[in-house]
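S.K.: Sequential numbering from 1 applies to the sequence shown in UniProt numbering. We put the beta carbon where it would ideally sit given N, CA and C, even for glycine. Quantities reported herein were computed from a predicted structural model and do not represent experimental measurements.
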Amino acid sequence: MEGIDDALLMEILCRACSSPKFAFQCKLVCKRWESLISNPIFPSRWNELCNIYHPNRRKLFFLIFNLRIRPKQNKYMLNHVVSKPTNLLGRRKSFKLDFLPCSKQGLPASVRIAASCSNGLLLCHSIGHLMDSEPRVYYLCNPLTREWVALPPFPAKYPFMEGVAVGIVCDDKNWSSTYRVVRFHEGKYAYPFNGHRSAFIAEIFSSKTNEWEETEVWYPPLNNPSFCFLGYRSGAEYLSDNIFSCNGRLFMMNAMGIVVYNPFEPERFHIIKFPNEPHFRHIVYGESKGSFRLLANTSIGGHGCFKIWELTDYEKGEWRLINEIFFRDMDTDDVALKQAVWHDGGKGVQSLGLDPNDEHTVYFDLLIRDGFSGRNCVNHRQIFSCNLQTKKAELLHPTISQWSAEKELGRAYINVFHFASSEYWPTCSNEMPLPTSN
Numbered sequence: 001m002e003g004i005d006d007a008l009l010m011e012i013l014c015r016a017c018s019s020p021k022f023a024f025q026c027k028l029v030c031k032r033w034e035s036l037i038s039n040p041i042f043p044s045r046w047n048e049l050c051n052i053y054h055p056n057r058r059k060l061f062f063l064i065f066n067l068r069i070r071p072k073q074n075k076y077m078l079n080h081v082v083s084k085p086t087n088l089l090g091r092r093k094s095f096k097l098d099f100l101p102c103s104k105q106g107l108p109a110s111v112r113i114a115a116s117c118s119n120g121l122l123l124c125h126s127i128g129h130l131m132d133s134e135p136r137v138y139y140l141c142n143p144l145t146r147e148w149v150a151l152p153p154f155p156a157k158y159p160f161m162e163g164v165a166v167g168i169v170c171d172d173k174n175w176s177s178t179y180r181v182v183r184f185h186e187g188k189y190a191y192p193f194n195g196h197r198s199a200f201i202a203e204i205f206s207s208k209t210n211e212w213e214e215t216e217v218w219y220p221p222l223n224n225p226s227f228c229f230l231g232y233r234s235g236a237e238y239l240s241d242n243i244f245s246c247n248g249r250l251f252m253m254n255a256m257g258i259v260v261y262n263p264f265e266p267e268r269f270h271i272i273k274f275p276n277e278p279h280f281r282h283i284v285y286g287e288s289k290g291s292f293r294l295l296a297n298t299s300i301g302g303h304g305c306f307k308i309w310e311l312t313d314y315e316k317g318e319w320r321l322i323n324e325i326f327f328r329d330m331d332t333d334d335v336a337l338k339q340a341v342w343h344d345g346g347k348g349v350q351s352l353g354l355d356p357n358d359e360h361t362v363y364f365d366l367l368i369r370d371g372f373s374g375r376n377c378v379n380h381r382q383i384f385s386c387n388l389q390t391k392k393a394e395l396l397h398p399t400i401s402q403w404s405a406e407k408e409l410g411r412a413y414i415n416v417f418h419f420a421s422s423e424y425w426p427t428c429s430n431e432m433p434l435p436t437s438n
C-alpha cells in the first residue's frame, strides 16, 4: 500500500474496520496504520459511515454503580457494571479506570466517575481525603477503548465537589464529538436589583474553545420564589444529583420536577412537572427507543407497583402513561426475589433505569437484609430486570454491592450512571491529539 496516499488509505481503513476494537488491533500492523487510526479525523469519518450504513444499530448499555464509603480518613469509589450478557467486558465485573493519569498506584478506587453521556463517554477525576487539594482536572474517557483526554483545570473559585452537580452533553449532530461539560453550583445565585435571586451559576467547558466559562442561567417565570435548583432525593441511599444526558440536553430532578438544560443554549432552562401521581417513590428517567421516559415506584390500594410514563411534548410537559405493573404479578424462579415481590409488596425494591434498546425492559435493585453482625446490619443487593410484556423478572447480578455498616466505614451511598454507546466510536477529542493506552 505504499503507492496509496494517506487520505485514501484512511478511507479504506474506515470502511474495513468493523468495530473500534478491530481498529485498535489494526494499529499493530505498522506505524503508518497506527498514525492514521490515531488521527482524530479517523473516528469522525468512521462514525459518519456507521451512521449512514447502520442507522439503527443497537446501543451497548450498562448500569455503572459508584459505591462510596468513608473509612476513617479517606473515601473510596468502587465501580461496578451490570448489563445483559455481552462479550465486551469478558469476565470483568467492572470498568478498569487504572489507565487514567489520576489513578493512584496501589489504590484502584482512587478514581471517581462524575458523569456519563449517551455517546459512550465517562467524565472522571481523582478522589482523595481533602478534595479541594486534589488537582482540579477532569478526564474524559472511553472505558472500552481506554482512550482519554485531560480537560484544562477548572477555576478554584468554587468547591470541587460540595454542592456541585456535573453533566456532559455531546452534540449528536456533529460527528467530531463537540461536547460541553457543565458544573452546576447549588446555592450560588445571581441577584438582580430587586434582591430576589433569579439565576444560578454554572461553569461550562466547551471542546471548541478548550476553556471554562462562568455563566448565569436565568430561571423561567416561577411561582416558587425559593426555587432550589437541586436537592431532590429519590431514595434514602441513591443520590439523584446524577445528570442524565439525552438528545443534546441535560436532565436532572428537583422538588418541582425535571429540570431540562441545553448547554449549547446556555442562558436559560425550563422545568417539566412530574406526572400527576400522588405517591411517587424512587423516580428514575432515561431514554428508551429514542423516547424520554420516567419510571417510578408507587402504590395502588396499598399494593406496591411501578408505572412508566413517556414524555410526549417537551415544551408543554405532557406525559402519557404507558405501563403499570404490580410487583406481586411478577414471575420469577428466584426464591429471595419471589419473597420480595410477592409477599413484601416490593418494599425493598428501587427503580434503577430503562433499557435504551428494549422498550419492554426495565431495571430494579432489591435490598436484602441478611441479619446483624454484632450491632450492625449486614445488607446485600440484587439487581434484576423485568420484561413488561411477560412480567418475567430475571436476576442480572446477585451481589452487586455488599458491605458491613461498621463504625469505621460509616454509611455507604450509591450513585448510578447510565452508560450507553451506540457501538459507534465514542470519541473524547477536544481538537487535540489523543493519548493512547499503554
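Taking its Cβ as the centre, do 16 or more other Cβ atoms sit within 10 Å of phenylalanine 327, making it buried, or is it exposed?
M.R.: Buried.
S.K.: Please report the straight-line C-alpha distance between proline 263 and leucine 352, rounded to a whole angstrom.
M.R.: Those two C-alpha atoms are separated by around 26 Å.
S.K.: Starting from the N-terminal side, write out each stretch of the alpha helix (DSSP H) that is 4 residues or longer and does not extend beyond the segment 312-346.
M.R.: Qualifying alpha helix (DSSP H) stretches, in chain order: 335-338.
S.K.: Going by DSSP, what residue range makes up the alpha helix (DSSP H) through alanine 16?
M.R.: Segment 6-16, the alpha helix (DSSP H) holding alanine 16.
S.K.: Quickly, what does DSSP pair methionine 161 with across the bridge? List them, please.
M.R.: DSSP, once it has assigned bridges, lists no residue as partnering methionine 161.
S.K.: Reducing DSSP to helix, strand and coil, say where glutamate 265 ends up.
M.R.: Glutamate 265: coil per DSSP, three-state reduction.
S.K.: Skipping 5 residues on each side, what residues in its chain have a beta carbon closer than 7 Å to that of asparagine 387?
M.R.: Correct list, in chain order: His360, Thr361.
S.K.: Where does glutamate 48 sit, in a helix, a strand or coil, going by DSSP?
M.R.: In this structure, glutamate 48 counts as helix in the three-state DSSP scheme.
S.K.: With distances taken from CA atoms, which of Glu324, Cys246, Cys14 is nearest alanine 23?
M.R.: Answer by Cα proximity: Cys14.
S.K.: From the DSSP secondary-structure annotation, give me the bridge partner or partners of arginine 180.
M.R.: Bridge partners of arginine 180: Val169, Ser206.
S.K.: Can you have a look at tyrosine 179 and say buried or exposed, based on whether 16 or more other CB atoms are within 10 angstroms of its CB?
M.R.: So tyrosine 179 counts as buried.
S.K.: Return yes when the Cβ of tryptophan 212 is within less than 8 Å of the Cβ of phenylalanine 160, no when it is not.
M.R.: No, the Cβ-Cβ distance between phenylalanine 160 and tryptophan 212 is not below 8 Å.
S.K.: Spell out a yes or no on whether the segment 329-342 and the segment 308-317 are touching, meaning 3 or more CB-CB pairs, one atom from each, closer than 8 Å.
M.R.: Because the criterion of three Cβ pairs below 8 Å is not met, the segment 329-342 and the segment 308-317 do not touch.
S.K.: Just tell me which of Trp218, Phe205, Phe419 has its CA closest to the CA of proline 356.
M.R.: Nearest C-alpha to proline 356: Phe419.
S.K.: Could you check what DSSP says for glutamate 359 in three-state terms: helix, strand or coil?
M.R.: Note: glutamate 359 maps to coil in three-state DSSP.
S.K.: Leaving aside the five residues before and after isoleucine 41 along the sequence, list all residues of the same chain whose C-beta is less than 8 Å from its C-beta, in chain order.
M.R.: Excluding positions up to five away in sequence, the list reads Met10.
S.K.: Suppose you measure from the CA of serine 126 to the CA of serine 110; what does that come to, to the nearest Å?
M.R.: Going by the C-alpha atoms only, they are around 6 Å apart.
S.K.: Nearest CA to the CA of alanine 150: which residue from Ala156, Lys157, Tyr138, Phe200?
M.R.: Nearest C-alpha to alanine 150: Tyr138.
S.K.: Closest to cysteine 152 by CA distance: which of Pro143, Leu144, Arg136, Leu395 is it?
M.R.: Rather than cysteine, the amino acid found at residue 152 in this sequence is proline. Ranking the options by Cα distance to proline 152, first place goes to Arg136.
S.K.: I need the boundaries of the beta strand (DSSP E) containing glutamine 350, first residue and last residue.
M.R.: Start and end: 349-354.
S.K.: Determine which residues share a DSSP beta bridge with leucine 366 and list them.
M.R.: Bridge partners of leucine 366: Val349, Gln382.
S.K.: Where does serine 245 land, buried or exposed, given buried means 16+ other C-beta within 10 angstroms?
M.R.: Buried, by the Cβ-count rule.
S.K.: Taking the alpha-carbon of cysteine 102 as reference, which of Cys124, Lys96, Ala114 has the nearest alpha-carbon?
M.R.: If we check each option's Cα against that of cysteine 102, Cys124 comes out closest.
S.K.: Any idea what DSSP makes of cysteine 26, helix, strand or coil?
M.R.: Residue state, collapsed to three classes: helix.
S.K.: Under the rule that 16 or more other beta-carbon atoms within 10 Å means buried, what is cysteine 141, buried or exposed?
M.R.: With 16 or more other Cβ atoms within 10 Å, it is buried.
S.K.: Within 10 Å of its beta-carbon, does alanine 393 have 16 or more other beta-carbons around it, so buried, or fewer, so exposed?
M.R.: The residue in question, alanine 393, is buried, as its Cβ has 16 or more Cβ neighbours within 10 Å.
S.K.: For tyrosine 158, which of Leu321, Ala7, Glu203, Lys104 has the nearest alpha-carbon?
M.R.: Looking at the Cα atoms, Glu203 is the closest of the given residues.
S.K.: Could you say which of Trp309, Phe292, Ser291 lies nearest to asparagine 276 if we only look at CA atoms?
M.R.: That would be Trp309, whose Cα lies nearest to the Cα of asparagine 276.
S.K.: Within the continuous beta strand (DSSP E) that includes isoleucine 300, where are the two ends?
M.R.: Its beta strand (DSSP E) spans residues 291-300.
S.K.: Can you check DSSP and say which residues form a bridge with serine 245?
M.R.: Answer is Leu250, bridged to serine 245.
S.K.: Buried or exposed: which applies to glutamine 105, given that a residue is buried once 16 or more other Cβ atoms fall within 10 Å of its Cβ?
M.R.: Answer is exposed; the Cβ neighbour count stays below 16.
S.K.: Give me the Cα-Cα distance between asparagine 47 and arginine 146, rounded to the nearest whole angstrom.
M.R.: Taking the straight line from one Cα to the other gives about 18 Å.
S.K.: Whose C-beta lies closer than 7 Å to the C-beta of alanine 156 among residues of the same chain, with five residues either side of it excluded?
M.R.: Excluding positions up to five away in sequence, the list reads Arg136.
S.K.: Name the DSSP beta bridge partners of threonine 215, please?
M.R.: The partner list for threonine 215 (beta bridge, DSSP) reads Ala202.
S.K.: Out of Leu337, Ile4, Lys307, which has the shortest C-alpha to C-alpha gap to histidine 279?
M.R.: Comparing Cα-Cα distances from histidine 279 to each of Leu337, Ile4, Lys307, the minimum goes to Lys307.
S.K.: Taking the alpha-carbon positions, what's the leucine 250 to valine 259 distance?
M.R.: Cα-Cα distance, rounded: 8 Å.
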